[in-house]
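What follows is one structure encoded as structure tokens, with my remarks underneath.
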Amino acid sequence: GAGVSQSPRYKVAKRGQDVALRCDPISGHVSLFWYQQALGQGPEFLTYFQNEAQLDKSGLPSDRFFAERPEGSVSTLKIQRTQQEDSAVYLCASSLAPLNTEAFFGQGTRLTVV
Amino acid sequence: GQQLNQSPQSMFIQEGEDVSMNCTSSSIFNTWLWYKQDPGEGPVLLIALYKAGELTSNGRLTAQFGITRKDSFLNISASIPSDVGIYFCAKPGSQGNLIFGKGTKLSVKP
Numbered sequence: 001g002a003g004v005s006q007s008p009r010y011k012v013a014k015r016g017q018d019v020a021l022r023c024d025p026i027s028g029h030v031s032l033f034w035y036q037q038a039l040g041q042g043p044e045f046l047t048y049f050q051n052e053a054q055l056d057k058s059g060l061p062s063d064r065f066f067a068e069r070p071e072g073s074v075s076t077l078k079i080q081r082t083q084q085e086d087s088a089v090y091l092c093a094s095s096l097a098p099l100n101t102e103a104f105f106g107q108g109t110r111l112t113v114v
Numbered sequence: 115g116q117q118l119n120q121s122p123q124s125m126f127i128q129e130g131e132d133v134s135m136n137c138t139s140s141s142i143f144n145t146w147l148w149y150k151q152d153p154g155e156g157p158v159l160l161i162a163l164y165k166a167g168e169l170t171s172n173g174r175l176t177a178q179f180g181i182t183r184k185d186s187f188l189n190i191s192a193s194i195p196s197d198v199g200i201y202f203c204a205k206p207g208s209q210g211n212l213i214f215g216k217g218t219k220l221s222v223k224p
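Protein chains in written order, with our numbering: chain A, 1 to 114; chain B, 115 to 224.
If you want it as structure tokens, here you go:
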């Protein structure tokens with residue numbers, strides 16, 4: 001597709017359930033970012049991939065959060081044993097080259113933990 | 115945590131009005147970015163500024179990179195209903211990631 005695609009758009013999880021969120025970046029984009037956006041806040045950085053290498057995961061809030069990009073294209077953000085505070089919109093962004101600030105965002109996945 | 119301060123937090127517009135919002139920081143930046151986020155969508159880049167004093171336009175939008183490199187403003191002239199949304203300023207982090215402000219929410223006057 002032409003843009004960054006995320007699925008599912010909406011996810012409701014029971015507390016304690018594991019979830020997996022998918023991101024299809026723009027074809028050929030080297031850099032991929034995950035952000036978490038709480039209600040009424042700006043997006044906050046979670047993790048960064050350059051091709052298949054996860055170069056920065058300093059923003060992941062706990063060890064329940066795990067991200068991968070095994071073939072350097074599609075990425076998955078996994079949250080284990082979800083908690084209510086994990087409820088947020090999870091945004092994926094990609095950019096053509098490392099350190100290129102002009103990133104393109106997907107529509108996000110809205111996760112609600114009940 | 116967030117290092118960018120945006121004001122106002124929210125504002126109401128009437129069609130045809132000019133709108134101004136700004137973003138400040140305690141530290142110096144080399145790049146300022148302005149994004150807009152519509153409900154249910156991801157942020158979209160509006161304007162990128164790379165030089166102190168730079169004034170850049172994109173249609174009815176104009177943004178300036180402050181001389182001190184610690185602030186930026188965004189102006190929207192002759193606003194239209196589709197201008198409503200949340201406007202974020204952002205700066206690049208060390209890995210090309212973005213650090214966002216909390217946003218300025220634009221709504222239509224009731």
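Backbone N, C-alpha and C fix where the C-beta goes; we use that ideal spot for every residue, glycine too.
Values in this document were obtained by computation on a predicted structure and should not be read as measured data.
Expressed to the nearest angstrom, what Euclidean distance is found between the alpha-carbon atoms of residue 155 of chain B and residue 103 of chain A?
-> Along the second sequence, one-based indexing puts residue 155 of chain B at 41. Along the first sequence, one-based indexing puts residue 103 of chain A at 103. Their Cα atoms are separated by approximately 14 Å.
Measuring CB to CB, does residue 144 of chain B end up less than 8 Å from residue 215 of chain B?
-> Against the second sequence, residue 144 of chain B aligns to sequence position 30. Against the second sequence, residue 215 of chain B aligns to sequence position 101. No, these two residues do not count as a Cβ contact at 8 Å.
So what does DSSP say about residue 129 of chain B, is it helix, strand or coil?
-> What you label residue 129 of chain B is simply residue 15 of the second sequence in a count that begins at 1. In the structure shown, residue 129 of chain B sits in coil (DSSP, three-state: anything other than H, G, I, E or B).
Sheet register partners of residue 24 of chain A (DSSP bridge) | Position 24 of the first sequence, counting from 1, holds the residue named residue 24 of chain A. DSSP, once it has assigned bridges, lists A/5 as partnering residue 24 of chain A.
Give a yes or no on whether the minimum CB-CB distance between residue 111 of chain A and chain B is below 8 Å.
-> Sequence index remark: in the first sequence, residue 111 of chain A carries index 111 (1-based). No, no contact with chain B.
Which word fits residue 113 of chain A, buried or exposed, when buried means at least 16 other C-beta atoms lie within 10 angstroms of its C-beta?
-> Residue mapping note: residue 113 of chain A aligns to position 113 of the first sequence, counting from 1. The residue is buried, with at least 16 neighbouring Cβ atoms inside 10 Å.
Since residue 162 of chain B meets chain A, which of its residues come closer than 9 Å, beta carbon to beta carbon?
-> Working through the second sequence from its first residue, we reach residue 162 of chain B at position 48. Here the neighbours are 101, 102.
Which first and last residues belong to the beta strand (DSSP E) in which residue 198 of chain B is found?
-> Within the second sequence, the letter at position 84 stands for residue 198 of chain B. Run containing residue 198 of chain B: none; DSSP gives neither H nor E here.
List the residues of chain B whose Cβ lies closer than 8 Å to the Cβ of residue 48 of chain A, in chain order.
-> Walking along the first sequence from the start, residue 48 of chain A turns up at place 48. Near residue 48 of chain A (Cβ distances below 8 Å), the residues of chain B are 209, 210, 211.
From residue 41 of chain A to residue 217 of chain B, what distance separates their C-alpha atoms?
-> Within the first sequence, residue 41 of chain A is the residue found at index 41, counting from 1. Within the second sequence, residue 217 of chain B is the residue found at index 103, counting from 1. Residue 41 of chain A and residue 217 of chain B: Cα-Cα distance of roughly 7 Å.
Consider the Cβ of residue 126 of chain B: report whether some Cβ of chain A lies at a distance smaller than 8 Å.
-> Position 12 of the second sequence, counting from 1, holds the residue named residue 126 of chain B. Chain A, which has no Cβ nearer than 8 Å to the Cβ of residue 126 of chain B, makes this no.
For residue 85 of chain A, which three-state DSSP category applies?
-> Against the first sequence, residue 85 of chain A aligns to sequence position 85. Reduced to three states, the DSSP call for residue 85 of chain A is helix.
Assumed close pair residue 37 of chain A, residue 91 of chain A - CB separation to whole angstroms, cut-off 8 Å = Taking the first residue of the first sequence as 1, we reach residue 37 of chain A at position 37. Taking the first residue of the first sequence as 1, we reach residue 91 of chain A at position 91. About 6 Å separates the two Cβ atoms, so the contact holds.
Cut-off 6 Å between Cβ atoms - residues of its own chain near residue 191 of chain B, not counting five sequence neighbours on either side | For this step, residue 191 of chain B is matched to residue 77 along the second sequence. Within the same chain, residue 191 of chain B has close Cβ partners 132, 174.
Using a Cβ-Cβ distance under 8 Å, would residue 105 of chain A count as near chain B?
-> Locating residue 105 of chain A in the first sequence gives position 105, where the first residue counts as 1. For residue 105 of chain A, the answer is yes, since a Cβ of chain B falls inside 8 Å of its Cβ.
Comparing alpha-carbon positions, which option in B/159, B/151, B/211, B/182 lies nearest residue 166 of chain B?
-> Counted from its first residue, the second sequence places residue 166 of chain B at position 52. When only C-alpha atoms are compared, the closest one is B/182.
On the three-state DSSP scale, how would you describe residue 159 of chain B?
-> Position 45 of the second sequence, counting from 1, holds the residue named residue 159 of chain B. Strand.
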